[in-house]
Structure formats: C-alpha cells, structure tokens
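For the protein sequence lines, the chains are A and B, in the order given. If you read the first sequence in the numbering used here, its first letter stands for residue 1210, the second for the next number, and so on. If you read the second sequence in the numbering used here, its first letter stands for residue 410, the second for the next number, and so on. Quick reminder that beta carbons are idealized off the backbone N, C-alpha and C, glycines included.
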Amino acid sequence: MKTNKLVAIMALAGLSTVALAQNGPIRIGVVTPLTGTYAGIGEQVKWGLNLAAKEINASGGVMGRQIELMYEDEEANPSVAVQKAEKLFQTSKVDFLTGTVNSGSTLAVGQVAERNNKLMATTVSFADSITGERCSPNVFRVNARAGMQSAALAAWVASTKPGAQVFYLGPDYEMGRSTVAAFKSAAEGKGAKSVGELFAPLDNKDYSPFFGQIRSGKPNVLYTSVAGNDTVRLFSQMAEFGVSRNVQIVGASGTVTGQNLTAIGKAAEGFVTGAGYSTLIDSPENKKFVEAFKAENKADPDLYGADSYGVLFLYKAAVEKAKSTETDKVRTAIRDLKWSTPQGVKTMRGGDHQAMQDMYAIIVKNGKFEIQSKVSAADAIGPDTCTKF
Amino acid sequence: MTSILEWLQFVLAPQSINGLSIGVAVVLMALGLTIIFGLLDVINMAHGECYALGAYAVVIILGMGVSFWWALVLTPIIMGVMGYAMERGLIQRVFHSKDRHTLTLLLTFGMATVMEDAIKIVFGANPRSVEAPVTGATELFGSFFPNYRLFVMLLGGAIIVSVWLLVFRTSIGAIVRAAAHDKDMSASLGIPVSRVYALTFAFGVALAGIAGVLLAPIYSVFPTMGRDFVLMAFSVVIIGGMGSIKGAVIAGLVLTQIQSISSLLISPVWNDTLLFGIMVIVLMWRPQGLFGKLGHA
Chain A
1210 MKTNKLVAIM
1220 ALAGLSTVAL
1230 AQNGPIRIGV
1240 VTPLTGTYAG
1250 IGEQVKWGLN
1260 LAAKEINASG
1270 GVMGRQIELM
1280 YEDEEANPSV
1290 AVQKAEKLFQ
1300 TSKVDFLTGT
1310 VNSGSTLAVG
1320 QVAERNNKLM
1330 ATTVSFADSI
1340 TGERCSPNVF
1350 RVNARAGMQS
1360 AALAAWVAST
1370 KPGAQVFYLG
1380 PDYEMGRSTV
1390 AAFKSAAEGK
1400 GAKSVGELFA
1410 PLDNKDYSPF
1420 FGQIRSGKPN
1430 VLYTSVAGND
1440 TVRLFSQMAE
1450 FGVSRNVQIV
1460 GASGTVTGQN
1470 LTAIGKAAEG
1480 FVTGAGYSTL
1490 IDSPENKKFV
1500 EAFKAENKAD
1510 PDLYGADSYG
1520 VLFLYKAAVE
1530 KAKSTETDKV
1540 RTAIRDLKWS
1550 TPQGVKTMRG
1560 GDHQAMQDMY
1570 AIIVKNGKFE
1580 IQSKVSAADA
1590 IGPDTCTKF
Chain B
410 MTSILEWLQF
420 VLAPQSINGL
430 SIGVAVVLMA
440 LGLTIIFGLL
450 DVINMAHGEC
460 YALGAYAVVI
470 ILGMGVSFWW
480 ALVLTPIIMG
490 VMGYAMERGL
500 IQRVFHSKDR
510 HTLTLLLTFG
520 MATVMEDAIK
530 IVFGANPRSV
540 EAPVTGATEL
550 FGSFFPNYRL
560 FVMLLGGAII
570 VSVWLLVFRT
580 SIGAIVRAAA
590 HDKDMSASLG
600 IPVSRVYALT
610 FAFGVALAGI
620 AGVLLAPIYS
630 VFPTMGRDFV
640 LMAFSVVIIG
650 GMGSIKGAVI
660 AGLVLTQIQS
670 ISSLLISPVW
680 NDTLLFGIMV
690 IVLMWRPQGL
700 FGKLGHA
C-alpha cells in the first residue's frame, strides 16, 4: 500500500516537473563582457537584449512562455567565456545562448554549445571565420561580418573615386590586419590600386614617422582600422601635418563611433565607413526601436544594441515555426528563416548560418553620422565558404 | 612617383624636418646623460624617470591653471633641486667606495624603479594628454608642419647651443671640465669638487626635465614614458662617446635623421631596432664611441 502511494506521488512529481518545463520560462544565457576593455559594447548588448525581452514578454512571450535572460560576465576573455557558458548550459540549463563579443569567445563558446547540443548566436563578433572556415552547426551570426562591411565601403569608394589609389594603415594585431586584408581585397576587386600598407602598434602615440610613406605613395584614399584613442591621435596628427588634405579617409566600422567622435572633432569630418546599422535608417520599425531604446536607456542604440535586440526576435520566430525549443527542430527552423528587425527583413542563410542584410556607407558630416549609400544584402553577403554542414 | 625634385621637396624634406624635432629632444636627453657620465663617471639609470617627472610637472602645473610657459621655466628649476638632492643624499654616499661603478648603477636603477612606481600610484597608469601651447601649422617648402614642433626644434636648438657655450666658453664650464679631467688637482686648486659634482648632476637632470616638458604635448604623458625614451638616449650617448658633448649632439641628430629616412623605405616600427643595431656595430668597431670623453675631448 505504502509503495503504491510512493510510486503515485513520484509519478505525479515527475509529470508536474515535465509539465513545468513545458510551461516555465525559456531561459536564455547571455555571456557578454560586463567589465574590462569591451564593457561599453557589453552594455549596448545588454540594453538591446533587455528591451527585446521586455517587448516579447509583454506581448505574451514565446509560445506562451516568458523569456528569462541570465547574464554572466565574460570579461572579454575567451577562457572565462567558456567557463561561464558551461555553467549556463549545465547548471542553469539554458535553452539558448548569446552575447559573446570577442571573436575568440564566440568561436570557443561555439564548441561548448556543440558539446551541450544547444544553439548559440553572436550579435557582435565580426571575424569572417565564424561563419566561414570555422563555422559550426550550433553557431549563428545575426550581425554583419567584416567582409560585408568591406563590401559596402568598397562599393562606395568605387562609385565616388573610380580607380582610387589606396593606402592602408592599421593597428598591428589580428583585428587590424584582418580588416585591412578584407578591405584591400574588396577594393582591389573593384579596380582600386594599393599604394602602401603600414601597421602601427596599438596605442601608438606619434604617427608622424608613418606619414613619410603616405606622402610618398600619394594616395587619394586612406583606409584605417585604428580605434578608440588611436583614432583621435591619428586623425588629429594627420590634420596637423596636412596629410589628410585632398585624401578621402575611410575606415572600419569601429574606427569612429559615438564614443570618440567628440574627441576627434573637426578632423573626423568626411570620414566614411561601412556598417550594418544606423539610427537614421528610415523605416517605421527602426524609428520605433530607436525611440523605445532611448526612452529606456537615455542613449542612442548602436549596431551592437540593434543586433542584440534582433536576435531574440529571431529565436522567437524560429521556436514558433518549429513549435518546440528542441535544438534540432529549432536549427532546422532557423535555417533560411526571414525575420523582421530594425534594419528591415533579414534572412539567415542556411548554408553558413550568416544573416544577410543591407549594408550602408555612412559618412560623418557636421559632427553627425549620415547615410550615404546602400548595398543590397545579396551583393554584400559574399560566397558561402562553410563546408562543415 | 614623378620627378626626383618633387620627391625631395614633398617627401624627404618633411620627413627630415620632422626627424629634427625628435632629434633635438633626444639630444637634450643625451646631453644630460653624457655630462653626468663625463664628470661623475655615473651612469644615471634614473634619467628616463627624470624626463617623465618633467612631463608630469607640466601636468601638475597646467592642472593648477598656470600656463605652459611657466612650466617651461619652473620645471628645470624643480628638477635641478631634485637632482641636487639625489646626488648629495644618495650618490655621494657610495661615491668613495671601491665598487663605485656597480653601486651607482644599482642605486640609480633602484631610484628609477621607485620613481616610476611612485608616478603610477600618484597619477594612475592611464596616459594623460597635454595641450600644445602653440597651435596651428605653417607651410614650409610646400608641406605643413605643426607650429609646436617647429617651436620645439628652435627652442631645443637654442638650449643645445647654450649648453655648448656654457661648457666650452665660460669659466664655469672650464671648472667642470677641469674637475672631470683631474679631480684631485682641481680640488687642490680650490675648486669645491663635491659641490661641482652635485650641481652638474642637477644640471643633467634639469636637461632631462626640459626634454620631458617639450615632448609632453607630442607623446602624451604616461608612467613608462621614461623607460622607452631613455633607451634611445643611451644609444646616442654610447655611439657618440660617453662623456662627449660633441658626440651626443652629432650622434643624436644623425641617428634620428637615419631613422626618419629609413621610415620611408621600411615600417617605422623598426626604428628602435635600427638604432640598437647601429649601436652594436659601433661598439664592435669602436667601443669608446665616435668621440672622446668630456675631460679628455
């Protein structure tokens, strides 16, 4: 008698746990830098995700279930990111993971996701390899990658300065070298000529020794991928030495941002970059998003905030299409899925898990960013080089 | 690339002139080092930190709302006093021992470490920028130069010429050279040798301080700035001849010109490597440097 009761109680408990799992909140892990060099980016990621979760939950959640975001600090360090991801998958049992900023973290956490048979998406990392030769069946990318940024910029350069003579000046580490290489091949593909390439150490103080080769090369376009304070110094010194006169300066999307624009001041005038987002994109979804974001955070969204906002809607659309949160079903549903974002309708290319979107050439005019031209998603995306699935 | 003349005017000339502005600052540093070695036979490993302190003095003085020109005048005085105290208080104590060379080397190295960490604690490790007092640019031979760099060149050049005149054309200079040449003979002739030592050390440190003030708006101010820059000064002193003023000036100017011109062909990140490579070759070929010692020049 007692045993029967015990069995009955256990069965009931078991059933209710299962029932609870199907009706409880959907847990989404967020491993993002909350401290350290990239904390500013992590902040935009958090703002974007929080706003999306708030809106989705207010309108009934995903398949009736509320979204619960669980944050962990990756400190912009891939080994820390891996530990936090393991913790989220195994202890907190999250259904999905996002938020990684550092490209190294994205690649490493992707492997953790494979081991735990769960999916993840990045909204920031732009190293081409993530959806290229190091693609993974469990990793998706919502933001534009380096190749796409270069495509938009190279198209703009080719249309305004055909047959340009380009000089490249980048910071001497992975990001600097890979962005220069990406833009160089895009520009040369459109008929530009390369007249010189130099790399300065990160945090370089005096760029004047580098100007000799720039003067010697006589470029009419200068591409740079320095960032932060390096941009402030380089641009000011180029203006002081007259090196930037009659030269169109273009650069990576991180070179001039809201954070260093005021410090660079007048020297940033006329700078053009290729990016996947601008607060000026003229669509009703974007206007609504920018207003809601500003009201919530008292700051404009940047590309990191906008793409992090978009990723939760991607997940929602996929789960609703698959009618389940099971990894394999969601993966099949995400492939080639189209969903609505502040940047318009994006398509998640199934062959390599890279989102396709329109790219923009953005110029700094009178101390503000303005959209100059657009390259369509199909032209910007580049070939599918992922061979793993 | 079009004609040779155009290349000379628009590429080589600006590069060379820019090299001069750096060269002048390097010579100021090297002068201080070489004078201290020439007279006291002391290798001042803390010279770089004296340079850094000069730059931080500007930060403090500007922070108090005083103008840059006062910083230019006050800093050498402050650094001179500090140098006098360093020599009298620390270096004199080990000066008369048998292991003087090792001890002063270690002592100044210790001072350098203490000074650098003190800077880090008081000011923090982040770089600070200093506004140049002279803004705008001038067009020279068809290229633009920031007025501040031209100012550094002119003022630095004037200071170097004054130092030269002081050492070789005045009686003070003669006293210093005499004390360097033969300490005991000079003492017996009534020259207060230990005071001359202290004042000379103070003078060398003051020169480093001036270099720090002049370069602060160009390189920004951060705790390890001394360490990076003094290596260059040391190379110049070694190549020019330790203790030789003529050597420091010539080597300093020539080497920075070599660096500037080579930056046209290879990446400027090789500048320091090039300099040390030349130093190694000179040491192998002529270990005493290009010119002689202060007292014996």
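- In the DSSP assignment, residue 1305 (chain A) forms a beta bridge with A:1237 and A:1328.
- Apart from sequence neighbours up to five positions away, the residues of its chain that approach residue 1444 (chain A) with a beta-carbon distance below 7 Å are 1473, 1476 and 1477, ordered along the chain.
- Scanning the region 508 to 558 of chain B from its first residue to its last, the whole beta strand (DSSP E) runs of 3-plus residues come out as 546 to 549 and 552 to 555.
- Your pair residue 1564 (chain A) and residue 1351 (chain A) checks out as a contact, with CB atoms roughly 5 Å apart and the cut at 8 Å.
- For chain A, the residues of the region 627 to 655 of chain B that bring a beta carbon within less than 7 Å of one of its beta carbons are 627, 628 and 629, in chain order.
- Among the residues of the region 1383 to 1408 of chain A, those with a Cβ less than 8 Å away from any Cβ of chain B are 1407 and 1408, in the order of the chain.
- In this structure residue 579 (chain B) is not in contact with residue 445 (chain B), their Cβ atoms being roughly 19 Å apart against a cut-off of 8 Å.
- Listed along chain B, no residue sits closer than 7 Å to residue 1592 (chain A) by beta-carbon distance, the nearest being about 33 Å off.
- In this structure, the beta-carbon distance from residue 1552 (chain A) to residue 1570 (chain A) does not fall below 8 Å.
- Nearest to residue 1236 (chain A) by alpha-carbon distance, out of A:1299, A:1290, A:1428 and A:1252, is A:1299.
- Every alpha helix (DSSP H) stretch that sits fully inside the region 432 to 515 of chain B and reaches 4 residues is listed by chain position as 456 to 472, 477 to 495 and 501 to 504.
- For residue 1392 (chain A), the closest alpha carbon among the candidates A:1459, A:1568 and A:1524 is that of A:1459.
- Think of a sphere of 7 Å around the beta carbon of residue 666 (chain B): no beta carbon from chain A falls inside it, the nearest being about 12 Å out.
- Take residue 1514 (chain A), set aside five residues on each side of it, and the residues of its chain with a beta-carbon closer than 6 Å to its own are 1253, 1256 and 1257, in chain order.
- Note that the region 1306 to 1324 of chain A does not touch the region 1268 to 1277 of chain A; fewer than 3 beta-carbon pairs, one per stretch, sit closer than 8 Å.
- Identification of chain A residues near residue 553 (chain B) by a Cβ-Cβ cut-off of 7 Å yields 1450 and 1451, ordered along the chain.
- Here the alpha carbon of residue 519 (chain B) sits roughly 27 Å from the alpha carbon of residue 480 (chain B).
- In the three-state scheme derived from DSSP, where H, G and I count as helix and E and B as strand, residue 1373 (chain A) is classed as coil.
- With fewer than 16 other Cβ atoms from the protein chains shown falling within 10 Å of its own Cβ, residue 1504 (chain A) counts as exposed.
- For residue 1247 (chain A), the secondary structure class from DSSP, reduced to helix, strand or coil, is coil.
- Only exposed fits residue 1382 (chain A), as fewer than 16 other CB atoms lie within 10 angstroms of its CB.
- When the Cα atoms are used, residue 1567 (chain A) and residue 1585 (chain A) turn out to be separated by approximately 5 Å.
- Comparing C-alpha distances from residue 1578 (chain A) to each of A:1512, A:1598, A:1498 and A:1379 shows the shortest one belongs to A:1512.
- Residue 1422 (chain A) and residue 631 (chain B) have their C-alpha atoms spaced approximately 28 Å apart.
- Spatial neighbours of residue 607 (chain B) in its own chain (CB-CB distance under 6 Å, excluding positions within 5 residues in sequence) are listed in chain order as 493, 496 and 497.
- Spanning the alpha carbons of residue 1454 (chain A) and residue 612 (chain B) requires a straight line of approximately 43 Å.
- Judged by beta-carbon spacing, residue 521 (chain B) lies within the 8 Å limit of residue 454 (chain B), meaning their Cβ atoms are closer than that value.
- Runs of the beta strand (DSSP E) lying entirely within the region 1407 to 1474 of chain A and spanning at least 3 residues, in chain order: 1430 to 1433 and 1457 to 1460.
- Cβ contact annotation for residue 1501 (chain A) (same chain, cutoff 8 Å, sequence separation greater than five): 1260 and 1264, in chain order.
- It is roughly 26 Å from the alpha-carbon of residue 1266 (chain A) to the alpha-carbon of residue 1249 (chain A).
- Residue 1365 (chain A) counts as buried, since no fewer than 16 other beta carbons sit within 10 angstroms of its beta carbon.
- Residue contact check for residue 1422 (chain A) against chain B: a CB pair falls below 8 Å.
- Taking C-beta atoms under 8 Å as the contact rule, residue 443 (chain B) and residue 653 (chain B) qualify, at a distance of about 6 Å.
- DSSP, reduced to helix, strand and coil, places residue 1483 (chain A) within a strand of the structure shown.
- With fewer than 16 other CB atoms across the displayed protein chains lying within 10 angstroms of its CB, residue 1596 (chain A) is exposed.
- Within chain A, the C-beta atoms nearer than 8 Å to that of residue 678 (chain B) come from 1381, 1408, 1409 and 1410, in chain order.
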